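Numbering (the working numbering), first residue to last: 648 to 813.
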Ligand SMILES: [Mg+2]
């Protein structure tokens with residue numbers, strides 16, 4: 648497996664159904680925030696994300712946030728969603744993800760990361776030895792560093808033909 652390749656590909660987070668997670672024996676999720684659950688730096692996730700999270704929690708699947716964003720962004724968000732978190736996650740380094748997996752109290756084989764960036768979420772998951780669900784970003788970022796990152800990422804993106812639809 649190539650280190651930038653996600654295990655599973657979805658159009659967006661709402662496509663990752665409880666049925667899919669159960670089928671793949673995913674009992675814990677390492678969840679990205681920005682452009683995965685809500686648009687970049689937006690403090691309020693859309694209803695669709697809230698509903699998705701509610702369903703996942705109800706199914707007994709554990710969720711923890713790992714974000715590279717700063718605590719000022721992550722803490723209020725985690726409180727709003729009533730989730731544990733790791734801020735300054737330093738993805739693709741493995742430290743933040745490993746810390747989160749430990750907090751989940753699950754073996755790595757039962758954990759998958761969900762995120763919208765190849766260079767952080769997907770490579771981080773692969774280096775940490777957990778599975779990954781790639782979701783296409785909710786909205787294009789406007790800042791220059793992000794636009795550069797997205798341009799570099801483009802040739803590594805999974806094909807839309809890989810999108811899992813249940
Ligand atoms: Mg993100």
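We treat Cβ as the ideally placed atom computed from N, Cα and C, and that holds for glycine.
If you're wondering where the values come from, they're calculated on a predicted model, not measured in any experiment.
- When the Cα atoms are used, residue 692 and residue 711 turn out to be separated by approximately 16 Å.
- For ligand 1, the residues with a Cβ under 6 Å from any of its heavy atoms are, in chain order, 679, 681, 682, 683, 762, 763 and 764.
- Shown here for residue 751: same chain residues with a beta carbon closer than 7 Å to its own, the five before and five after excluded, namely 675, 709, 711 and 758 in chain order.
- Judged by their CB atoms, residue 762 and residue 781 are nearer to each other than the 9 Å cut-off.
- Within the same chain, 656 come within 7 Å of residue 809 by CB-CB distance, once the 5 residues on both sides are set aside.
- The straight-line gap separating the alpha-carbon atoms of residue 804 and residue 687 is approximately 19 Å.
- In the three-state scheme derived from DSSP, where H, G and I count as helix and E and B as strand, residue 778 is classed as strand.
- Looking only at 684, 774 and 812, the smallest Cα-Cα distance to residue 650 is reached by 774.
- Pairing residue 769 with residue 653 gives a Cβ-Cβ distance under 9 Å.
- With contacts defined as CB atoms closer than 9 Å, residue 703 and residue 668 qualify as a contacting pair.
- According to the DSSP assignment, residue 796 belongs to no beta strand (DSSP E) but to the alpha helix (DSSP H) extending over 791-800.
- Beta-bridge pairing by DSSP links residue 675 to 709 and 758.
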